[in-house]
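Asker: Let me give you the structure first, and then I'll get to my questions.
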Amino acid sequence: MHIASNSKHFNKASRVTRRPIQFRILDPQHGSDPQHGERSPRNGDRHALGPVIWLAMLRLTATMFGSWYIRQYIPSSEYGVWWGITIAAIYGIAIYPAQIQYSHFKRINRRLIEQTLCSSCRYFNPEGLHCMQLDEIVSEDYLPCHGEGWEPKSFEDVA
523 MHIASNSKHF
533 NKASRVTRRP
543 IQFRILDPQH
553 GSDPQHGERS
563 PRNGDRHALG
573 PVIWLAMLRL
583 TATMFGSWYI
593 RQYIPSSEYG
603 VWWGITIAAI
613 YGIAIYPAQI
623 QYSHFKRINR
633 RLIEQTLCSS
643 CRYFNPEGLH
653 CMQLDEIVSE
663 DYLPCHGEGW
673 EPKSFEDVA
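Encoded structure:
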C-alpha cells in the first residue's frame, strides 16, 4: 500500500468543491482514481471545546511552574517585577491563546449552533455542543435523540 499526497491527484473541479485531505491511500486495482481510498471525515476530526480547555489548563500549569522556578533567581527587592512578569506570562501563554482557540471553535461550529434542529431545542447547550437531556455531544451528522426528544425553547430560554 502506498501513501501519496492528495495535491498531485486532485483535478481542478474536485479542488474547488472539496477541502483537500492531507493523505490518501492508493489502491493498485483502482489506479489513480481520486474518489477511491480517501480518508472519510470522522466525528473526532471536528474542533471541540474540550481540547481548548485542556490546553489552556496545561499552559497555565506550565506557566505557573516556570514562574515559580524563575522566582528563585529574582532578588526580594524585585518581587513586584516578578508578579508583573508572571501576570503577563499567564495572559500571553495561557489566556490569550485560549481566547483565540475558543473564537475558532465558535466560528467552525457556527452552522451547528445556529442552523440545526438541536439548536432550537431547550436541552441544547451551545457552549459545549451538548445535549443536556441525553448527555451526548451533538454534531451536524448526529442528533442524539433523532428528533424524538426535541422540545422548543421557551420564551424565557431565548431572552
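So the sequence shown is numbered by the working numbering: it starts at 523 and just counts up by one. Just so you know, even glycine gets a beta-carbon here, dropped at the ideal spot from N, CA and C.
1. DSSP on C667, reduced to helix/strand/coil?
2. Considering only their Cβ atoms, is the gap separating Q623 from A578 smaller than 9 Å?
3. Going by C-alpha distance, which of P619, S661 and I615 is nearest E636?
4. Within the continuous alpha helix (DSSP H) that includes V660, where are the two ends?
5. Tell me, which residues are paired with N647 by DSSP?
6. Rounded to the nearest angstrom, what separates I630 and I609 at their Cα positions?
7. Using DSSP with H/G/I as helix, E/B as strand and the rest coil, what is P573?
8. Measuring straight from C-alpha to C-alpha, what distance separates L571 and V603?
9. By DSSP, does P597 sit in helix, in strand, or in coil?
10. Should P597 go down as buried or exposed, given a rule of 16 or more other Cβ atoms within 10 Å for buried?
11. Can you give me the Cβ contacts of G521 inside the same chain, cut-off strictly under 7 Å, excluding the 5 residues immediately before and after it?
12. Between H668 and Y595, what straight-line distance do the alpha-carbon atoms span, to the nearest angstrom?
13. Assuming L665 and L639 make a contact with CB atoms under 8 Å, what is their CB distance in whole Å?
Answerer: Reading off the structure:
1. Along the sequence shown, read from residue 1 onward, the residue named residue 667 stands at position 145. C667 falls in the coil class under three-state DSSP.
2. As a first step, residue 578 must be located in the sequence shown, where it is residue number 56. As a first step, residue 623 must be located in the sequence shown, where it is residue number 101. Their beta carbons are under 9 Å apart, which means A578 touches Q623 by this criterion.
3. Along the sequence shown, read from residue 1 onward, the residue named residue 636 stands at position 114. Considering only P619, S661 and I615, the residue with the shortest C-alpha distance to E636 is S661.
4. Numbered from 1 along the sequence shown, position 138 holds the residue referred to as residue 660. Element bounds for V660: n/a, residue is neither H nor E.
5. Here the question's residue 647 lines up with position 125 in the sequence shown. The bridge partners DSSP lists for N647 are H652.
6. In the sequence shown, counting from the first residue as 1, residue 630 sits at position 108. In the sequence shown, counting from the first residue as 1, residue 609 sits at position 87. Going by the C-alpha atoms only, they are around 30 Å apart.
7. Residue mapping note: residue 573 aligns to position 51 of the sequence shown, counting from 1. P573 falls in the helix class under three-state DSSP.
8. Taking the sequence shown and counting its residues from 1, the one referred to as residue 571 is at position 49. Taking the sequence shown and counting its residues from 1, the one referred to as residue 603 is at position 81. If I take the Cα positions, the gap works out to 34 Å.
9. Here residue 597 refers to the residue found at position 75 of the sequence shown. The answer is coil: DSSP assigns P597 none of H, G, I, E or B.
10. Within the sequence shown, residue 597 is the residue found at index 75, counting from 1. Exposed, because fewer than 16 other Cβ atoms sit within 10 Å of the Cβ of P597.
11. In the structure as shown, the chain begins at 523 and stops at 681. Residue 521 is therefore absent and cannot be evaluated.
12. Translated into the one-based positions of the sequence shown, residue 668 becomes position 146. Translated into the one-based positions of the sequence shown, residue 595 becomes position 73. Roughly 60 Å separates the two Cα atoms.
13. In the sequence shown, counting from the first residue as 1, residue 665 sits at position 143. In the sequence shown, counting from the first residue as 1, residue 639 sits at position 117. A Cβ-Cβ distance of about 6 Å is found for the pair L665 and L639, placing them in contact under the 8 Å criterion.
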